[in-house]
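Colleague:
4 protein chains.
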Amino acid sequence: MPDAYTPKPEDKFSFGLWTISNRGRDPFGDVVRDALPPVDAVAMLAEVGAWGVNLHDNDLVPIDATPSDRDRIVRDFKAACERHKIVVPMATVSLFFDPIFKDGAFTANDPRVRSFALQKTMRAMDLGAELGAKIFVLWGGREGVETDACRRPDEAVKRLRYAVDFLCEYSIDRKYGYRLALEAKPNEPRGDIYMATTGAYLGFIPTLAHPEMVGVNPEVAHEQMAGLNFVHAVAQAWDAGKLYHIDLNDQVPGRYDQDFRFGSANPKSTFWLVKFLEDVGYSGPRHFDAHAYRTEDDEGVKDFARGCMRTYLILKEKARRWNGDAEIQALLKGLGEDGAPQAYSPQRRDALLNETFDRVSIARKGLAYEKLDQLTVDLLLGVR
Amino acid sequence: MPDAYTPKPEDKFSFGLWTISNRGRDPFGDVVRDALPPVDAVAMLAEVGAWGVNLHDNDLVPIDATPSDRDRIVRDFKAACERHKIVVPMATVSLFFDPIFKDGAFTANDPRVRSFALQKTMRAMDLGAELGAKIFVLWGGREGVETDACRRPDEAVKRLRYAVDFLCEYSIDRKYGYRLALEAKPNEPRGDIYMATTGAYLGFIPTLAHPEMVGVNPEVAHEQMAGLNFVHAVAQAWDAGKLYHIDLNDQVPGRYDQDFRFGSANPKSTFWLVKFLEDVGYSGPRHFDAHAYRTEDDEGVKDFARGCMRTYLILKEKARRWNGDAEIQALLKGLGEDGAPQAYSPQRRDALLNETFDRVSIARKGLAYEKLDQLTVDLLLGVR
Amino acid sequence: MPDAYTPKPEDKFSFGLWTISNRGRDPFGDVVRDALPPVDAVAMLAEVGAWGVNLHDNDLVPIDATPSDRDRIVRDFKAACERHKIVVPMATVSLFFDPIFKDGAFTANDPRVRSFALQKTMRAMDLGAELGAKIFVLWGGREGVETDACRRPDEAVKRLRYAVDFLCEYSIDRKYGYRLALEAKPNEPRGDIYMATTGAYLGFIPTLAHPEMVGVNPEVAHEQMAGLNFVHAVAQAWDAGKLYHIDLNDQVPGRYDQDFRFGSANPKSTFWLVKFLEDVGYSGPRHFDAHAYRTEDDEGVKDFARGCMRTYLILKEKARRWNGDAEIQALLKGLGEDGAPQAYSPQRRDALLNETFDRVSIARKGLAYEKLDQLTVDLLLGVR
Amino acid sequence: MPDAYTPKPEDKFSFGLWTISNRGRDPFGDVVRDALPPVDAVAMLAEVGAWGVNLHDNDLVPIDATPSDRDRIVRDFKAACERHKIVVPMATVSLFFDPIFKDGAFTANDPRVRSFALQKTMRAMDLGAELGAKIFVLWGGREGVETDACRRPDEAVKRLRYAVDFLCEYSIDRKYGYRLALEAKPNEPRGDIYMATTGAYLGFIPTLAHPEMVGVNPEVAHEQMAGLNFVHAVAQAWDAGKLYHIDLNDQVPGRYDQDFRFGSANPKSTFWLVKFLEDVGYSGPRHFDAHAYRTEDDEGVKDFARGCMRTYLILKEKARRWNGDAEIQALLKGLGEDGAPQAYSPQRRDALLNETFDRVSIARKGLAYEKLDQLTVDLLLGVR
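Protein chains in written order, with the numbering used here: chain C, 1 to 384; chain V, 1001 to 1384; chain W, 2001 to 2384; chain D, 3001 to 3384.
#1: Sorted by chain position, which residues of the same chain lie with C-beta nearer than 8 Å to residue 246 of chain C's C-beta, five sequence neighbours on each side aside?
#2: Considering Cα atoms alone, identify which of W/2043, W/2381, W/2104, W/2151 is closest to residue 3315 of chain D.
#3: Is the number of C-beta pairs between the stretch 3322-3336 of chain D and the stretch 62-81 of chain C that are closer than 8 Å three or more?
#4: What does the alpha-carbon distance come out to for the pair residue 3057 of chain D and residue 1029 of chain V?
#5: Output needed for residue 2347 of chain W: all residues of its chain with C-beta closer than 6 Å, excluding positions within five of it in sequence on either side, in chain order.
#6: Just curious, the beta strand (DSSP E) that residue 3264 of chain D is in, first and last residue?
#7: Mind checking residue 2356 of chain W: buried by the 16 CB within 10 Å criterion, or exposed?
#8: Counting along the chain, where does the alpha helix (DSSP H) carrying residue 166 of chain C start and finish?
#9: Determine whether the beta carbon atoms of residue 2102 of chain W and residue 1368 of chain V lie at a separation below 9 Å.
#10: Quick one: what's residue 3139 of chain D bridged to in DSSP?
#11: Distance cutoff 9 Å, beta carbons only. Does residue 2023 of chain W sit that close to anything in chain D?
#12: Would a check of beta-carbon distances place residue 2150 of chain W closer than 9 Å to chain C?
#13: Identify every residue that forms a DSSP beta bridge with residue 2026 of chain W.
#14: Is residue 3311 of chain D close to chain C? Criterion is C-beta to C-beta, closer than 9 Å.
#15: Using 10 angstroms around the beta-carbon of residue 3366 of chain D, count the other beta-carbons present and answer buried if the total reaches 16, otherwise exposed.
#16: Between which two residues does the beta strand (DSSP E) carrying residue 1013 of chain V extend?
#17: Expressed to the nearest angstrom, what Euclidean distance is found between the alpha-carbon atoms of residue 299 of chain C and residue 317 of chain C?
#18: Taking 8 Å as the cut-off, does the stretch 3193-3203 of chain D touch the stretch 3168-3180 of chain D (at least 3 CB pairs, one atom from each stretch)?
#19: Give the DSSP bridge partners of residue 3091 of chain D, in chain order.
#20: Kindly list, in the order they appear in chain C, the residues whose Cβ is closer than 7 Å to that of residue 3305 of chain D.
#21: With DSSP run on the structure shown, which of helix, strand or coil describes residue 3086 of chain D?
#22: Can you list, in chain order, the residues of its chain with a C-beta nearer than 7 Å to that of residue 3145 of chain D? Leave out the 5 residues immediately preceding and following it.
#23: Residues of chain W with a CB under 9 Å from the CB of residue 344 of chain C: which are they?
#24: With burial defined as no fewer than 16 other Cβ atoms inside 10 Å of the residue's Cβ, what is the status of residue 3323 of chain D: buried or exposed?
#25: Roughly how many whole angstroms lie between the Cα atoms of residue 383 of chain C and residue 312 of chain C?
#26: Would you mind telling me which residues of chain C sit closer than 7 Å to residue 1295 of chain V, beta carbon to beta carbon, in chain order?
#27: Would you give the residue range spanned by the beta strand (DSSP E) that residue 288 of chain C belongs to?
#28: Against chain W, which members of the stretch 179-193 of chain C pass a CB distance test of less than 7 Å?
#29: Can you find a C-beta in chain D that's less than 9 Å from the C-beta of residue 2320 of chain W?
#30: Assuming residue 1234 of chain V is part of the alpha helix (DSSP H), what are its boundary residues?
#31: Enumerate in chain order the residues of its own chain whose CB-to-CB distance from residue 375 of chain C is below 8 Å, with the five nearest sequence positions on each side excluded.
#32: Near residue 211 of chain C, which residues of its chain fall below 8 Å by C-beta distance, leaving aside the five closest residues on each side in sequence?
#33: Give me the DSSP bridge partner(s) of residue 3219 of chain D.
#34: Are there 16 or more other CB atoms within 10 angstroms of the CB of residue 107 of chain C, so buried, or fewer, so exposed?
#35: At a Cβ cut of 8 Å, what residues of the stretch 1253-1268 of chain V count as close to chain C, listed as they run along the chain?
#36: For the putative contact between residue 2262 of chain W and residue 2251 of chain W, defined by C-beta atoms under 8 Å, what is the C-beta separation to the nearest angstrom?
So, in structure tokens, the structure goes:
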């Protein structure tokens, strides 16, 4: 029965093909769910109310498919997407599953691996373009080390730059119109992964040949694995005009990559994230990169997917109310008006240097952040 | 204006004297609030609706007070408590602030420090008893190391055991009727602290001469600093009959000791904690060991204290509703009835060894934990 | 070419069958090495100089083997062990790989799973006994939750106690003479695992029906995942007489379970561990529960195994030198003689209460721990 | 007695005035060491063999000093520096100690605080220039939040940009010739700090008006608090031409800011850092931002300072030997020659797309990283 929290296409909720098809294998246990063919996954996404589906090349086309197999698979998938009114906003490439990538892809020491990674990515870009994707995500899941003996880390940066520059040229050359979104992660499956945080990629992009077509794809779990405040990373990306895509899920800090249902680990930090995306008017996909607990069957997978979207919509409504809450807004207003800051000039310099500040009295002013935060808790818990 | 979430004495909410009197000093900055004399602190606690106050010896009596000063201070404090109907359920001792404890107290290498720590603790026990406390907390905040070169860690365990055994005898001897509650912490202010987790103390207690009078005082922040699930530690303590006291606050995992307002970092994990305490019928104090943000003045301190209690009561009501939610309870019921497990016997052994299990079919059953958890999220967020 | 760091049988180095047979699968990638049949694994262990091999039931016997297959496999394995002079000091049971354990084993909600887990463990105990093992390890890798909605955590403790009590009776009944060693881990593959630390198990054991036959199996990586000081946990276990077995490997704190080569992540913390084991005279197996990087072929697996043992022996020699270093020992001696602490008595009480301490002067004494630690660094780095 | 590891001026070892003058106060305890006047600190640095001293404005000049006091203090300090041949390569400003900064400085909500922060920084730049410093570090230790309710995080980024742009203009205007080095930290003393990692600042710099004069000052402890690989961050900064300064110390991941003696927590990760700095020819100061354990007296402070430099020099010599080790170099050479990567062109594109790769055989090649890392361990431990 639809309610205020039922997803609609304009919410732009997308899921990775790999998320609802996740079979539950982990380092200590075998698969628990049957394979879900891509066309069935599309049907399931339509059933739960999603708008889009994203994919790695090999989520859809096996790595050893013949060209004709490949074409048939893609044709069937496109038909399923059309039938179910599901779009493909983003595509990506698996540069981590096949054993050839055991030492990384673009940064691997073996030049053949680096070449193969480029080839595979170009083909994945072809595939994504064919499916209508305009965002291409690059996650260098194995670009890293267990021991820094194996290569100098600045060499890895150079190799990565070469690859991204190359792929930008390819997109231009093919007129794909892609925006590339780089996804950071601190560790797992490698001991350490290069470009450990979204910030690192924001620093890397300006060193590229085509910075204007490259942005980031921050993932909740990946920043929180390092115990970092996710919304701060998202805000920096937004400020820099680089928030091209986002991976929504949840994660307890300082652990293995959990990819939990959106909002399930910490609804409060999730609230700040949803509020930020809505406040700034982020118009891209709300992509869930998560998977159902291993305890679930196919019904549980649907519960999982529905829960991701539902929690987003509940928190979106909370954000609207927070912005309209008179007591909250009055507290914020009391913190000090901004005014336009004045640019540097000799006059401004001298005025500032000559200004007298009553340090003690300014310091004594209480800021009422405890109250502000408690009002937020009340609002979140529905008692306000 | 009182509402359903206004604290009452029967809620047994207590605060450390050090919590509302916290002046906001941190490793990188100076005090931001004036000293709050103990009698004023008692008045403030009464004003916000608390039931009890706890204290370290030196929260009340300066370390260098003369006996007559000490007696006057204690007399005034007792009078304030009576006037404001505030009880003192717990007392403890500062074995960390004075520089003499820079290498620990009961485990310090210098035998004079160990002796002084015993003396100081006996006197703190006298003080607590005089104030009516029946629980005595021991937090070995400096029992640890920056380098394991300085002593063998099993020697530290032996020294700690000697001290606790000694203090148990003292309580018996003086007929104080104390229950000692040991409080664990993994690190800070020492590089590593011995007895890093509540579990470690649960393992230590059975090695004591008087295990029957020693339990634990788990603290939310201290377990969560190590990224551990707090309610699991509390449950083990409860199961062992050792949950003598509890320190409530909040903390983001993997960081410095934050001592945030109860429920402010993660309302969902806090919910499981409140639900557990209420479900099992924990009847001890709900003690808040937290402090206001450094941005706050005295009004902000009250907001902080009120928020701790309010969030507890909101979550308590949520727990009541969770237990009465028909859909949630039906899901739980479907997970499998327990029945009394049969004790070992040759018959039971053989029956079990001969039983045939349909591994595949049992494994395929979906457990609906995603649904169960999403219903919990809905309930927590007030949309259910 | 053998040198001072070549392993000998009396070093009691053992490896899990699963460690050198690890095929390198991880959550993001496929296997990279061929299956290594158990008899070949035994040959490899002999080649690199190990003394023992440990195993889960299904490392040797597939879960669906027929009784006759099982007997043949075991016979061949025993023959290989005898041929290569490899002993089996420890056995354990896989209660995590098969999908039936997706919700845990002894603590699962489905009573059939709990019964099957008991049956499977009894059979694994039979197998271990047949191979000569006297230590039986229990690692409850899936005894945990992703959401605490699914069961009350104290119920999990009760179920776990029932199971361990049952299995103790079974060992007694069958006259296996096992010592059970419980292995803790904070998380992964479950969101949270019950009995998260070695300390938690030390607290659990005294609540059992047969505490005298149950101890712990601490693992470096498992404590360090939670950022805890491993040697402190080992020391507490040793002090309690409960260090029945140990899992040696290495791990960077706050990450996925890395199971790195012994000493490879942090040689200094590893040094304190080796020194402790040698100083107290731990006489059990030095068991390596680690695996080769995924970048390695079979030769790399041997390099890995050799490296584990070599680093242990290097650090053992460092520990010997540390204990004999005059400057280090003089610093330690200067820290204060211990003397036998006096038991509680009214006389001792009064003497202590009346003693006068010069707080200030005691506090001013420098303890030279920086020097002590730097001498350790010098010694470790071979420049002393 | 000088040996190969005795510091020389050309090693460019510097210490913060605040490091050797640290009095050992922490959140749970009082000061343990006497105040060390700046001129005495300079003498101590000279005694232990340092080359430079760095300072916050208020390390030298009290916040409430009169202009004439200020001038006298500076004059005496300069004289001491000259007398002891100690240089001042870097200066910085305290925007965190005084209570006025309780809500941050450049990002504080109160515009008066932001103005005062600018004024204070301009004056600190004057001071640094007077002392000869050419590097000016900005650490926004309180630019952060306990609750994201208090401001939108993109607003904080804007405010920070305004301030850095302003200060760049000031340096240009005054012809100070400063290079500004921004220092990241994830948390503590704030719940979360904006610009949590060195990568975040590398992403921020290109959005400034004068990116050419702004770089980073990475600190070991600050990246490792978030569990990140420090040398990877340093390598990215180096690659971007932005490694203007560096803060050397040590830190166990996932904890409070420990600021331990260089190399004391993990000599192996420290080795990769020293090796990187020496390999690339970093020519800036080797600045130690650490402090002695709280157990130390003044002699212990000197032990601490000497240890920092000694360990650096030991590891530098290890790096030299690693680079010259034939077996290590042969392994590296076998990993694949690089050759100059070819730029994108239609020809290169087609050649790559048409290339055939033998995935299976490439994947099977063992990379000998276990051996490479074990040889490193052997070399580090001095047995090679």
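Virtual Cβ for every residue (Gly too), placed ideally from N, Cα, C.
Modeller: The short version:
#1: Excluding residues within five positions, the ones whose Cβ falls inside 8 Å are 217, 218, 219, 234, 277, 282, 284, 285, 286, 287.
#2: Checking every option, the nearest Cα to that of residue 3315 of chain D belongs to W/2381.
#3: The stretch 3322-3336 of chain D makes no contact with the stretch 62-81 of chain C: fewer than 3 CB pairs, one atom from each, lie closer than 8 Å.
#4: Computed Cα separation, rounded: 15 Å.
#5: Excluding residues within five positions, none has a Cβ falling inside 6 Å.
#6: From DSSP, residue 3264 of chain D is part of no beta strand (DSSP E); its letter is neither H nor E.
#7: Exposed, because fewer than 16 other Cβ atoms sit within 10 Å of the Cβ of residue 2356 of chain W.
#8: Counting along the chain, residue 166 of chain C sits inside the alpha helix (DSSP H) bounded by residues 153-173.
#9: Not in contact: residue 2102 of chain W and residue 1368 of chain V (Cβ atoms no closer than 9 Å).
#10: Paired residue(s): D/3183.
#11: Taking Cβ atoms only, chain D never reaches closer than 9 Å to residue 2023 of chain W, which makes this a no.
#12: It does: the Cβ of residue 2150 of chain W has a partner Cβ on chain C nearer than 9 Å.
#13: In DSSP, residue 2026 of chain W forms a bridge with W/2029.
#14: Taking Cβ atoms only, chain C never reaches closer than 9 Å to residue 3311 of chain D, which makes this a no.
#15: Label assigned to residue 3366 of chain D: buried.
#16: Where residue 1013 of chain V is concerned, the enclosing beta strand (DSSP E) stretches over 1013-1016.
#17: When rounded, the distance between both Cα atoms is 27 Å.
#18: Below 8 Å, too few C-beta pairs join the stretch 3168-3180 of chain D and the stretch 3193-3203 of chain D to call them touching: fewer than three.
#19: D/3055, D/3136.
#20: What residue 3305 of chain D touches in chain C, judged by beta-carbon distance under 7 Å, is nothing: the nearest beta carbon there is about 27 Å away.
#21: Note: residue 3086 of chain D maps to coil in three-state DSSP.
#22: Residues of the same chain with a CB within less than 7 Å of the CB of residue 3145 of chain D, apart from the 5 flanking positions on each side, are 3190, 3191, 3192 in chain order.
#23: Here the premise fails: no neighbours, minimum Cβ distance about 42 Å.
#24: Only exposed fits residue 3323 of chain D, as fewer than 16 other CB atoms lie within 10 angstroms of its CB.
#25: In this model, residue 383 of chain C and residue 312 of chain C are separated by some 19 Å (Cα to Cα).
#26: Residues of chain C passing the Cβ test: 367, 369.
#27: First-last of the beta strand (DSSP E) with residue 288 of chain C: 286-288.
#28: Listed by position along the chain: 187, 188, 189, 191.
#29: It does not; no Cβ of chain D falls within 9 Å.
#30: Run containing residue 1234 of chain V: 1230-1239, per the alpha helix (DSSP H) assignment.
#31: The residues 325, 327, 328, 331, 384, in chain order, have a CB closer than 8 Å to that of residue 375 of chain C in the same chain once the five nearest residues on each side in sequence are set aside.
#32: 205.
#33: Paired residues: D/3247.
#34: The Cβ neighbour count for residue 107 of chain C, taken over all protein chains shown within 10 Å, is at least 16; the residue is labelled buried.
#35: So the close ones are 1253, 1254, 1255, 1261, 1263, 1264, 1265, 1266, 1267, 1268.
#36: Between residue 2262 of chain W and residue 2251 of chain W a beta carbon distance of about 11 Å is seen, past the 8 Å cut, so the two are scored as non-contacting.
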